[in-house]
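Student: The sequence shown begins at 1 in the UniProt record's numbering and counts up one residue at a time. All residues carry an ideal CB built from backbone N, CA and C; glycine is no exception. So that we are looking at the same thing, I have put the structure below in structure tokens.
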Amino acid sequence: MTHGETATATHGTAAPPLLTARGLAKAHGRTEALRGASLELRAGEILAVTGASGSGKSTLLHCLAGIVRPDAGSVTYAGLRLEKLPEKRLSELRRTDFGVVFQFGQLIPELTAVDNVALPLLLAGTARTEARARAGEWLERFGVRGQEELRPGEMSGGQAQRAALARALVTGPKAVFADEPTGALDSLATEEVMTALAHTARESGTAVLLVTHDAQVAAYADREVRLRDGAVSPLEVTA
Ligand SMILES: Nc1ncnc2c1ncn2[C@@H]1O[C@H](COP(=O)(O)OP(=O)(O)OP(=O)(O)O)[C@@H](O)[C@H]1O
Numbered sequence: 001m002t003h004g005e006t007a008t009a010t011h012g013t014a015a016p017p018l019l020t021a022r023g024l025a026k027a028h029g030r031t032e033a034l035r036g037a038s039l040e041l042r043a044g045e046i047l048a049v050t051g052a053s054g055s056g057k058s059t060l061l062h063c064l065a066g067i068v069r070p071d072a073g074s075v076t077y078a079g080l081r082l083e084k085l086p087e088k089r090l091s092e093l094r095r096t097d098f099g100v101v102f103q104f105g106q107l108i109p110e111l112t113a114v115d116n117v118a119l120p121l122l123l124a125g126t127a128r129t130e131a132r133a134r135a136g137e138w139l140e141r142f143g144v145r146g147q148e149e150l151r152p153g154e155m156s157g158g159q160a161q162r163a164a165l166a167r168a169l170v171t172g173p174k175a176v177f178a179d180e181p182t183g184a185l186d187s188l189a190t191e192e193v194m195t196a197l198a199h200t201a202r203e204s205g206t207a208v209l210l211v212t213h214d215a216q217v218a219a220y221a222d223r224e225v226r227l228r229d230g231a232v233s234p235l236e237v238t239a
């Protein structure tokens, strides 16, 4: 049984698609990273994208999150074709509706944990006191207590990743894109980070697209799709 199976009744096949990718292709120079990849991310679900190194997982995540424009194919979110949006509109949408976490959380080293998490709120126009208060609440939800005033370099890897997840979720996004969020962590810290992410995403109804090559991490998902040579094989989709 996967950690996610208990939640499939509410977040599984019944949920409508939040984001739909069809026939995505993307080349980096001569390397065809994606060759006709299609998938759906449903509202509120945790979807694991797995596959061998170089199969195109990160490129797919970048296309879905509107960070990279595909060479061909479409990404539809809330009726909008992301690949056709002007850059300004796309970056605004990324700020309001999406959260992103990478392997090395990319917290700003000079800022404390609470100021890192407050940053997206400040950028959205929230007053500083309010932003810091909400950031503190989100850090607490992620089990980062008593670390609010530490800088990333003073935190453990697991704490820093939980702070990065709090920063990705603090604005109440519809979808969070996490690229190997525990890739640099040991097994215990991985479990802590994934438990916090799965719990918090389910509580807030946020969909999570999780790129991983780690079966321990994929086990937290409601569903898994496997990429092979830049495409999703229908035979390799588990519901
Ligand atoms: N910026 C880039 N420039 C050139 N080639 C790239 C670039 N990004 C990715 N690639 C190549 O595209 C292919 C797919 O890469 P991608 O990172 O999407 O796969 P991945 O499944 O996430 O791999 P990994 O698990 O190793 O991170 C690989 O062959 C990779 O070397």
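Under 7 Å from any heavy atom of ligand 1, does the C-beta of serine 38 make it?
Tutor: To locate residue 38, count along the sequence shown from 1; it is residue 38. No, the beta carbon of serine 38 sits no closer than 7 Å to any heavy atom of ligand 1.
Student: Hey, quick one: how far does the beta strand (DSSP E) through valine 101 stretch, first residue to last?
Tutor: Position 101 of the sequence shown, counted from the first residue, corresponds to residue 101. Its beta strand (DSSP E) spans residues 98-101.
Student: Which residue comes first and which comes last in the alpha helix (DSSP H) that contains histidine 199?
Tutor: Locating residue 199 in the sequence shown gives position 199, counting from the first residue. Histidine 199 -> alpha helix (DSSP H) spans 187-204.
Student: Are there 16 or more other CB atoms within 10 angstroms of the CB of leucine 210, so buried, or fewer, so exposed?
Tutor: Here residue 210 corresponds to residue number 210 of the sequence shown, with the count starting at 1. So leucine 210 counts as buried.
Student: Buried or exposed: alanine 127, going by 16 or more other Cβ atoms within 10 Å of its Cβ?
Tutor: Taking the first residue of the sequence shown as position 1, residue 127 is located at position 127. Result: exposed.
Student: Could you spell out the range, first to last residue, of the beta strand (DSSP E) harbouring valine 49?
Tutor: Residue mapping note: residue 49 aligns to position 49 of the sequence shown, counting from 1. Segment 46-51, the beta strand (DSSP E) holding valine 49.
Student: Keeping to the same chain, check which residues put their C-beta closer than 6 Å to that of arginine 167; ignore five residues upstream and five downstream.
Tutor: Counted from its first residue, the sequence shown places residue 167 at position 167. Once the five neighbours on either side are set aside, the close Cβ partners of arginine 167 are Asn116, Val117.
Student: Tell me which residues share the same chain as glutamine 106 and place their Cβ nearer than 8 Å to its Cβ, disregarding the 5 neighbours each side in the sequence.
Tutor: By one-based count along the sequence shown, residue 106 stands at place 106. Only Ala164 meet the Cβ criterion.
Student: Could you give the DSSP three-state label for threonine 59: helix, strand or coil?
Tutor: Taking the sequence shown and counting its residues from 1, the one referred to as residue 59 is at position 59. It is helical.
Student: Tyrosine 220: buried (16+ other C-beta within 10 angstroms of its C-beta) or exposed?
Tutor: To locate residue 220, count along the sequence shown from 1; it is residue 220. By the neighbour-count rule (16 or more Cβ atoms within 10 Å), tyrosine 220 is buried.
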